[in-house]
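First up is the structure itself, then whatever we jot down about it.
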Ligand SMILES: [Zn+2]
């Protein structure tokens with residue numbers, strides 16, 4: 132099943148649905164970050180929700196960053212998605228394997244933790260990004276995003292995100308769905324949407340059965356009007372230039388220490404693990420630019 136996001140409306144336009152298949156995207160995150168099942172499920176759920184949010188972006192360069200700090204063993208989770216469907220993410224601790232004793236399922240809520248926040252930052256190319264912060268509800272991610280939409284965007288939503296992992300730790304199936312009520316939805320529409328949410332099976336199970344995003348929507352809303360198909364894929368856009376700009380921002384004395392004591396440095400991308408080496412000469416150039424900028428600002 133190919134990864135993609137499908138956007139539809141239903142119930143005479145009163146409900147918007149976004150459904151995603153993200154198995155390949157989450158598997159790529161797992162391989163690059165050498166993730167264990169519970170860390171992988173937590174990150175996969177966050178990245179899937181992030182991708183579903185970003186599928187609303189009109190500008191391909193706009194991006195949405197999601198940060199979750201639940202104080203559980205997984206640590207912080209960071210994910211970023213843009214208007215082209217590129218998604219990347221990582222967790223502080225990729226090697227958490229926790230399951231519930233009651234049913235043997237991966238215990239994402241315990242691994243993420245509940246004593247913290249979900250932060251969504253939308254960079255739409257305006258001067259200031261829009262940022263919304265809510266307290267985590269269960270750490271299971273889907274509930275937390277539903278709460279975010281209700282509180283921060285005043286949009287009643289049903290959110291389902293899930294990742295199934297094979298015994299060899301590879302990703303078996305991943306996907307998600309947002310069902311959102313448009314403002315002033317009539318009482319019977321709200322009831323119909325709630326009924327669909329109650330009878331909905333986990334999206335990851337539907338993906339595992341071979342259903343695509345459109346079929347997942349049609350199973351819930353047979354009258355759905357499909358509006359758009361959008362790509363979604365893992366992609367890290369890091370580059371040596373990007374890290375050079377980062378190095379140019381650190382303190383001059385730290386740069387000098389890297390030059391004089393270490394004779395170079397290595398930076399590692401936290402998202403994809405790619406390493407970039409900087410020689411002593413390259414660091415000196417960065418330092419030079421640093422000093423030029425400082426001189427200019429002091430003259431101004
Ligand atoms: Zn990278």
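Numbering (our numbering), first residue to last: 132 to 431. Every residue, glycine too, gets a C-beta built ideally from N, C-alpha and C. Predicted model, so just to flag it, every value in this text is computed and none were measured.
Alpha carbon to alpha carbon, how far is residue 431 from residue 294?
-> Since pLDDT at residue 431 reaches only 49, below the 50 mark, its modelled position is unreliable, and the value read off the structure follows with that caveat. Roughly 54 Å between the two C-alpha positions.
Quick one: is the Cβ of residue 405 within less than 7 Å of any heavy atom of ligand 1?
-> yes
Just how far apart, CA to CA, sit residue 253 and residue 262?
-> 6 Å
Give the straight-line distance between the Cα atoms of residue 274 and residue 258, rounded to the nearest whole angstrom.
-> 31 Å
Write down the C-beta distance between residue 354 and residue 304 rounded to the nearest angstrom, noting that I regard them as a contact closer than 8 Å.
-> Residue 354 to residue 304, Cβ: 26 Å. No contact.
Which residue's Cα is closest to the Cα of residue 137: 409, 346 and 321?
-> 346
According to DSSP, is residue 175 helix, strand or coil?
-> helix
Which residue comes first and which comes last in the beta strand (DSSP E) that contains residue 332?
-> Residue 332 -> no beta strand (DSSP E), and no H or E assigned at all.
So what's residue 273 in DSSP terms, helix, strand or just coil?
-> helix
Backbone CA spacing between residue 192 and residue 216 [nearest angstrom] = 10 Å
Residue 400 beta carbon near ligand 2 (any heavy atom closer than 7 Å) = For the structure depicted, ligand 2 is absent and the ligand set comprises only ligand 1.
Taking the C-alpha atoms as reference points, what is the distance between residue 372 and residue 394?
-> 19 Å
Hey, residue 195 and residue 185 are a contact pair by Cβ (cut 8 Å); roughly how many whole angstroms apart?
-> 5 Å
Are there 16 or more other CB atoms within 10 angstroms of the CB of residue 179, so buried, or fewer, so exposed?
-> buried
Can you pull the DSSP bridge partners for residue 250?
-> 198 and 264
On a CA-only basis, which of 144, 145 and 156 is nearest residue 307? Give me that one, please.
-> 156
Taking residue 260 as the reference, which of 225, 314 and 197 has the closest Cα?
-> 197
In the DSSP assignment, find the unbroken beta strand (DSSP E) run with residue 384 in it and report its ends.
-> Segment 383-388 is the alpha helix (DSSP H) holding residue 384; no beta strand (DSSP E) there.
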